[in-house]
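Number of protein chains: 2
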Amino acid sequence: SMVNAGAMSGSGNLMDFLDEPFPDVGTYEDFHTIDWLREKSRDTDRHRKITSKSKESIWEFIKSLLDAWSGWVVMLLIGLLAGTLAGVIDLAVDWMTDLKEGVCLSAFWYSHEQCCWTSNETTFEDRDKCPLWKKWSELLVNQSEGASAYILNYLMYILWALLFAFLAVSLVRVFAPYACGSGIPEIKTILSGFIIRGYLGKWTLLIKTVTLVLVVSSGLSLGKEGPLVHVACCCGNFFSSLFSKYSKNEGKRREVLSAAAAAGVSVAFGAPIGGVLFSLEEVSYYFPLKTLWRSFFAALVAAFTLRSINPFGNSRLVLFYVEYHTPWYMAELFPFILLGVFGGLWGTLFIRCNIAWCRRRKTTKLGKYPVLEVIVVTAVTAIIAYPNPYTRQSTSELISELFNDCGALESSQLCDYVNDPNMTRPVDDIPDRPAGVGVYTAMWQLALALVFKIVITIFTFGMKIPSGLFIPSMAVGAMAGRMVGIGVEQLAYHHHDWIIFRNWCRPGADCVTPGLYAMVGAAACLGGVTRMTVSLVVIMFELTGGLEYIVPLMAAAVTSKWVADAFGKEGIYEAHIHLNGYPFLDVKDEFTHRTLATDVMRPRRGEPPLSVLTQDSMTVEDVETLIKETDYNGFPVVVSRDSERLIGFAQRRELILAIKNARQRQEGIVSNSIMYFTEEPPELPANSPHPLKLRRILNLSPFTVTDHTPMETVVDIFRKLGLRQCLVTRSGRLLGIITKKDVLRHMAQMANQDPESIMFN
Amino acid sequence: SMVNAGAMSGSGNLMDFLDEPFPDVGTYEDFHTIDWLREKSRDTDRHRKITSKSKESIWEFIKSLLDAWSGWVVMLLIGLLAGTLAGVIDLAVDWMTDLKEGVCLSAFWYSHEQCCWTSNETTFEDRDKCPLWKKWSELLVNQSEGASAYILNYLMYILWALLFAFLAVSLVRVFAPYACGSGIPEIKTILSGFIIRGYLGKWTLLIKTVTLVLVVSSGLSLGKEGPLVHVACCCGNFFSSLFSKYSKNEGKRREVLSAAAAAGVSVAFGAPIGGVLFSLEEVSYYFPLKTLWRSFFAALVAAFTLRSINPFGNSRLVLFYVEYHTPWYMAELFPFILLGVFGGLWGTLFIRCNIAWCRRRKTTKLGKYPVLEVIVVTAVTAIIAYPNPYTRQSTSELISELFNDCGALESSQLCDYVNDPNMTRPVDDIPDRPAGVGVYTAMWQLALALVFKIVITIFTFGMKIPSGLFIPSMAVGAMAGRMVGIGVEQLAYHHHDWIIFRNWCRPGADCVTPGLYAMVGAAACLGGVTRMTVSLVVIMFELTGGLEYIVPLMAAAVTSKWVADAFGKEGIYEAHIHLNGYPFLDVKDEFTHRTLATDVMRPRRGEPPLSVLTQDSMTVEDVETLIKETDYNGFPVVVSRDSERLIGFAQRRELILAIKNARQRQEGIVSNSIMYFTEEPPELPANSPHPLKLRRILNLSPFTVTDHTPMETVVDIFRKLGLRQCLVTRSGRLLGIITKKDVLRHMAQMANQDPESIMFN
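Line order of the protein sequences matches chains X and H. Per full-length UniProt numbering, the first sequence starts with residue 1, numbered consecutively. Per full-length UniProt numbering, the second sequence starts with residue 1, numbered consecutively.
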């Protein structure tokens with residue numbers, strides 16, 4: 001109630017501050033847009049109240065201190081929970097991914113690695129083989145080799161994958177439909193000031209966490225990074241509901257959510273700084289400096305919680321730690337830029353095809369069978385993935401292997417080079433060598449895996465299961481990059497007399513690191529799809545710990561963004577926002593058309609005049625009729641219909657609540673009571689019923705622009721001030737109104753899109 | 001002229017677009033505030049024009065491409081020039097600092113290190129001693145030891161320091177008074193939309209670069225980091241003046257300057273990401289995402305240019321590269337937080353004392369003798385600094401030595417521990433040892449150096465020479481940190497059975513790294529003075545290459561900020577902005593008072609009514625009188641004085657230009673010609689002189705708020721939209737005007753400061 005009283009004074013009315021406010025004022029309906037200025041002003045009122053009270057007694061002073069610190073407490077809690085959930089998800093995925101291949105006899109809840117680590121019979125060379133770990137064929141028919149064992153393992157693999165996927169899609173359908181997708185487009189929309197009740201609810205949190213484990217384990221071509229942002233935001237929403245400072249103010253709540261998004265990326269990649277920048281660059285709308293600092297805190301707590309759980313068993317924060325032994329050379333910029341071009345093309349291809357397929361899902365019968373769709377895609381993925389070792393292993397393992405430099409102890413097929421027996425060298429500094437049979441086999445398998453990954457990811461992203469695309473994008477780039485890298489390496493080895501190699505690659509030198517190419521390719525592809533820039537580069541170097549490779553990463557990221565932007569400005573998240581018609585006013589879109597406010601405002605020419613309220617001449621019944629006949633979210637209040645002089649703006653929701661409240665509680669309020677918004681009641685004839693004072697719900701400082709204001713300024717004002725609506729005047733006369741929806745519609749129209757695709761207010 | 005035409009259409013008038021514009025419209029006077037919305041709208045017009053023209057011919061298309069790429073070209077040029085200048089400054093400082101001690105016989109332009117490196121007689125152990133390098137005493141009286149040699153060297157040291165300082169202050173006084181100080185407060189003000197002509201000019205660039213070398217070499221307690229930001233911004237200003245896209249639009253120019261500031265920090269510390277974040281968090285006002293990306297590019301180019309010049313000779317980007325061999329332990333957080341408290345207290349002390357001293361300089365006779373002041377401070381610094389080895393060496397060398405871990409080969413006095421002769425261990429992993437005599441001596445000298453640094457820095461920062469305080473602040477923190485670190489180390493060695501050490505510090509283990517304490521202390525002190533947060537932590541870890549010590553750094557930075565904020569919210573830059581009365585509307589200040597627009601607007605109660613123009617009834621003479629009698633920057637235009645209905649706003653500067661232009665070129669314009677702002681000329685009696693149409697200079701979309709708007713909303717609008725003024729209305733009637741200066745005055749008043757300290761419009 002204190003907060004509501006604050007809300008009232010925020011709308012400018014200081015006089016009847018003592019009137020008791022009625023419930024629900026200052027909240028919003030589902031699928032409506034919040035008014036940022038009003039939220040901010042409400043929070044300042046609340047803060048002012050607490051500060052002035054804090055001087056009254058020690059208890060109030062302590063309360064005010066608690067209030068000031070509650071922001072940091074929320075951040076701490078978010079960090080702890082997000083980190084814990086991420087750790088649990090990592091452990092569970094690890095176990096369930098291995099479950100598709102076999103089971104541990106000593107304890108069924110051990111993953112392959114844990115099983116063999118705890119076994120005493122494991123030698124260092126054969127870490128992957130231990131008697132306690134049984135493949136399904138060994139366990140069921142006691143065969144470990146041969147065609148029938150292979151087929152049995154193959155079948156078990158497919159069966160488990162189908163089981164996981166079926167469970168996941170069913171859970172999502174039955175308990176939390178909002179848990180599907182990556183969640184980032186919706187979170188962007190919510191952070192820009194839109195209400196979607198339940199999207200960040202407790203059920204969504206629970207189901208998304210569980211199903212995320214299931215879908216990642218099922219081997220589908222998707223990642224857990226985007227959904228982890230959603231999970232972290234659900235945590236943020238949960239904890240902010242515990243503190244009235246955040247639960248009762250949609251603006252303040254969004255500050256917490258921005259920080260939670262940073263914590264999500266932080267645990268997804270072990271990249272706290274990258275997480276903060278991702279939240280700043282990609283997700284958030286209103287990001288004051290205070291939030292920057294708090295986000296950083298939440299991101300760090302989350303990362304350290306995750307490190308304490310230590311799911312990767314290497315006690316490092318970073319996911320794909322690499323150490324390269326050679327620097328890069330200027331001449332290598334050419335292949336890096338080529339990888340950037342590839343990344344940009346992949347981004348364009350992916351976005352176009354995925355959006356086309358998602359549109360088809362929305363508009364045709366396809367959308368009616370989400371469970372079947374998931375089952376089919378899972379089956380296809382499992383059937384094609386199993387035979388190829390690079391698609392059978394989990395995608396993060398694949399990326400990790402591709403990023404790695406071939407050390408002396410490396411047993412991977414990708415490191416099967418022909419060693420020169422005469423050469424003895426320190427372990428770290430291995431010169432370029434000719435590729436062996438294994439490398440050539442790996443190249444073929446990688447090429448097939450690349451094509452498969454590209455195609456299947458297009459169909460996977462957007463199904464009714466949690467799915468992120470950071471990891472699949474990075475995998476596509478890493479595969480392409482590693483292949484290019486091996487190509488350059490072999491070229492340099494066999495042709496070191498070519499002019500391009502002569503200066504930096506003498507025989508016997510270690511000049512080309514194919515793993516670095518994989519890293520650059522991954523950055524390029526991720527950049528092409530998401531159009532992230534600074535945050536991408538920061539995430540990549542936090543991910544891999546390589547501060548020295550910032551120029552190759554940046555060259556590829558810039559190229560990829562330019563190439564992709566040449567084919568269309570939208571990143572995948574913006575594309576999905578448009579596809580779904582969310583009312584999202586992007587800060588990045590530049591509005592450069594020459595229209596004026598008068599071209600956008602309603603009523604248009606020929607339409608009936610604007611529905612307005614007069615300040616002291618309409619009866620309760622008049623207003624009720626107006627409310628019934630229109631569906632506007634609010635009405636301007638004018639001195640009189642003739643003068644058209646604006647005095648304020650009344651929200652529909654608050655009008656309804658106020659009239660309902662007055663009819664129930666105030667005596668003498670009947671249908672033909674006069675409603676007045678002025679300070680003093682109007683002079684009425686004797687016998688007229690008791691008038692109803694509504695000044696309290698009147699916003700006395702509505703935002704106005706003149707009809708000659710260029711639309712680009714109007715768009716700027718809507719963006720920067722987070723308005724819900726704006727009134728249009730000419731020489732002091734009220735002419736019309738522009739809502740956020742009108743602005744979005746106009747922008748869509750100007751961009752030759754269907755303006756009716758914007759669905760909400 | 002194309003740009004000016006664009007400016008006109010931006011103010012809403014599309015009809016008389018073909019009228020030829022007159023020169024100088026759309027520019028600003030010195031010490032005036034720009035109108036961001038208008039600048040933006042002018043740029044959009046320009047862009048629109050180029051886009052529509054680009055379809056006409058191939059040449060125009062190429063021109064439009066060049067225009068689109070000019071932003072990147074400017075960034076490239078800024079990066080190259082800033083990197084080169086930083087490299088040249090580093091090399092020159094290196095040489096001139098050594099010149100105070102001696103000279104190289106083989107080539108006088110060699111620094112001590114270069115001299116001995118090029119000499120053949122240098123052995124690895126005695127890198128610092130070579131026959132070619134002569135101390136002044138050796139050269140002049142052929143003595144290298146003894147009291148008289150010491151005194152001679154001491155004198156030469158003081159003489160050189162005085163010479164350098166005298167040269168610097170004279171150059172600044174004579175050629176470029178704007179070259180003094182760190183420049184960051186002024187750059188913040190300029191970036192927020194204020195015009196200070198010449199502040200970023202070519203002379204300032206040249207003189208600041210030269211004098212920066214002189215003052216750093218003179219051994220004064222100041223750093224080159226802040227001034228390098230100013231130098232980079234001068235480069236930015238220079239290159240933006242080459243492209244009409246930037247030179248003719250103050251808003252666009254500021255985007256370039258933001259990026260240049262990032263490049264400046266990038267070369268100052270070798271920290272490109274930290275530079276971008278510094279620009280974002282600390283310096284910039286309007287920072288769209290496009291600028292983020294470009295800043296990053298400029299920062300990277302600058303850093304790599306600097307690396308190619310390689311002034312430190314270690315081919316690393318980072319200034320103080322460290323490698324520690326042990327992790328940190330939870331229990332160490334306690335001393336880290338103590339260091340944070342120290343940093344906060346130092347920040348408070350420094351800001352209070354420095355501001356008090358600067359105020360005294362401004363208000364008393366002291367300010368009239370800047371040269372004398374510099375000479376005295378330099379003399380005192382040189383006299384006290386020489387005897388103590390920690391103040392004699394350059395401050396960056398000192399910081400580098402304090403950050404370093406004591407390896408086996410370290411010959412520094414700080415590493416003089418008592419070795420256990422029985423122990424043979426690998427070189428890297430040296431256990432904690434008892435301190436030797438050298439360490440105890442070093443502790444005393446460090447304590448004296450710390451006190452001296454604290455006192456002298458207060459008097460140095462703010463003199464009429466270029467001076468930054470990043471390095472002195474870091475030095476103070478590093479000295480305190482190293483001392484605390486050695487203390488904890490010795491405590492842990494001698495009392496490893498204490499409960500706080502027992503768990504992590506067994507005898508013979510290497511548990512405490514004093515260098516890490518120095519790093520944490522440096523971060524804390526820098527944070528206390530500047531109140532940087534995320535950018536500070538990022539700069540620190542880019543500076544030192546230590547990604548693993550993010551938690552200690554952050555703990556210290558947060559503590560330091562909290563402690564310092566408890567004593568006063570202002571950082572040193574904001575304090576200097578206030579001291580100088582720059583019209584800077586800080587995004588960080590929260591305005592929480594309950595005043596309304598009506599309390600701030602002019603005219604106040606009892607003042608004469610607002611000076612307005614009417615749309616079609618005033619003569620040229622009326623307007624000229626009005627302009628002469630008032631000094632307002634612009635006048636609202638109303639339908640008539642009775643109705644007070646607002647139709648637009650006319651800038652004073654443009655009114656004067658338009659009248660002057662009309663009187664010169666348009667026939668029939670005399671003193672009693674009617675001026676009209678409407679589309680059609682008013683109906684005039686016969687014989688009346690030719691009327692003057694001024695619709696073109698009328699801004700048809702002036703910003704308005706109602707008188708009931710809370711001031712906190714008004715402040716928010718001014719901040720976010722970068723307004724110059726805003727009109728106040730009630731029920732459609734014009735009531736008054738609020739300018740940026742009024743807002744700043746009101747904020748100062750509410751904060752119990754002197755409102756008249758704000759000096760400019």
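Beta carbons: idealized from backbone N, C-alpha and C, even for Gly.
Per DSSP, LYS135/H lies in no alpha helix (DSSP H); the unbroken beta strand (DSSP E) holding it starts and ends at 133-135. A distance below 7 Å between beta-carbons, with the five flanking residues on each side excluded, links ARG360/H to the following residues of its chain, in chain order: LEU366.
Listed along chain X, the residues sitting closer than 7 Å to ARG594/H by beta-carbon distance are ARG48.
If you compare the alpha carbons of PHE287/H, LYS248/H, ASN249/H and SER244/H with that of ALA260/H, the shortest gap goes to PHE287/H. Neighbours of GLU712/H in chain X, taken as residues at a C-beta separation under 8 Å, are given in chain order as LYS40, SER41 and THR44.
For a Cβ distance threshold of 9 Å, nothing in chain X lies close to MET483/H: the least Cβ distance comes to about 28 Å. At a cut-off of 8 Å between C-beta atoms, LEU694/X does not count as an interface residue with respect to chain H. Taking the CA atoms as reference points, ARG42/X sits about 37 Å from GLN753/X. Counting of Cβ neighbours within 10 angstroms places MET75/X among the buried residues, the total reaching 16 or more. Going by beta carbons, TYR573/X and THR530/X fall inside the 8 Å limit.
Chain order gives the chain X residues near ILE550/H as PRO272 and LEU300, where near means a beta carbon separation below 8 Å. In this structure, PHE567/X lies away from LEU553/X, with their beta-carbon atoms at least 8 Å apart. Approximately 7 Å separates the beta-carbon atoms of PHE278/H and MET532/H; this is inside 8 Å, confirming the contact. Residue HIS112/X holds the alpha-carbon nearest to the alpha-carbon of LEU132/X among THR704/X, HIS112/X, ASN237/X and VAL439/X. For ILE697/X, there is no enclosing beta strand (DSSP E), as DSSP marks it with neither H nor E. In the displayed model, PHE336/H falls within a helix according to three-state DSSP. The Cβ of ILE184/H sits no closer than 8 Å to any Cβ of chain X. Straight-line measurement puts the Cα of THR189/X at about 33 Å from the Cα of ALA161/X.
In this structure, LEU721/H lies away from VAL637/H, with their beta-carbon atoms at least 8 Å apart. The beta-carbon separation of ILE737/H and MET618/H, rounded to 18 Å, does not stay under the 8 Å limit for a contact. Near chain X, meaning a CB-to-CB distance below 8 Å, the residues of the stretch 568-587 of chain H are VAL587.
Counting the other CB atoms within 10 Å of its CB gives GLU282/H a total of 16 or more, which places it among the buried residues.
In chain order, SER731 make up the part of chain H whose C-beta sits under 7 Å from the C-beta of VAL639/X.
Under the Cβ criterion (8 Å, minimum of three pairs), the stretch 685-698 of chain X does not count as touching the stretch 570-590 of chain H. In the three-state reduction of the DSSP assignment, TYR676/X falls in the strand class, which pools E and B. The C-beta of PHE296/H comes closer than 8 Å to at least one C-beta of chain X.
Shown here, ALA597/H sits in a helix according to DSSP, grouped into three states.
Sequence-distant partners of LEU214/H (beyond 5 residues in either direction) whose C-beta falls short of 6 Å from its own C-beta, in its chain, are PHE164, LEU167 and ALA168. Under the 8 Å criterion on CB atoms, PHE304/X is classed as interfacial with respect to chain H. Using beta-carbon distances, GLU113/X does not count as an interface residue toward chain H, since no partner is under 8 Å. Taking GLY71/X as the centre and dropping the five residues before and after it, the same chain places the C-beta of ARG294 closer than 7 Å to its C-beta, in chain order.
As the crow flies, the alpha-carbon of VAL512/H is around 7 Å from that of GLY485/H. For LEU191/H, same chain residues with a beta-carbon under 8 Å away, outside a window of 5 residues either side, are ARG254, LEU257, SER258, ALA261, VAL283, SER284, TYR285 and TYR286 in chain order. Runs of the alpha helix (DSSP H) lying entirely within the stretch 486-518 of chain H, each at least 4 residues long, are 499-502 in chain order. Here PHE501/X has ALA492 and HIS495 as same chain residues with Cβ atoms under 7 Å from its own Cβ, once five neighbours each way along the sequence are excluded. Using a Cβ-Cβ cut-off of 8 Å, MET532/X does not count as an interface residue toward chain H, since no Cβ of chain H sits closer than that to its own.
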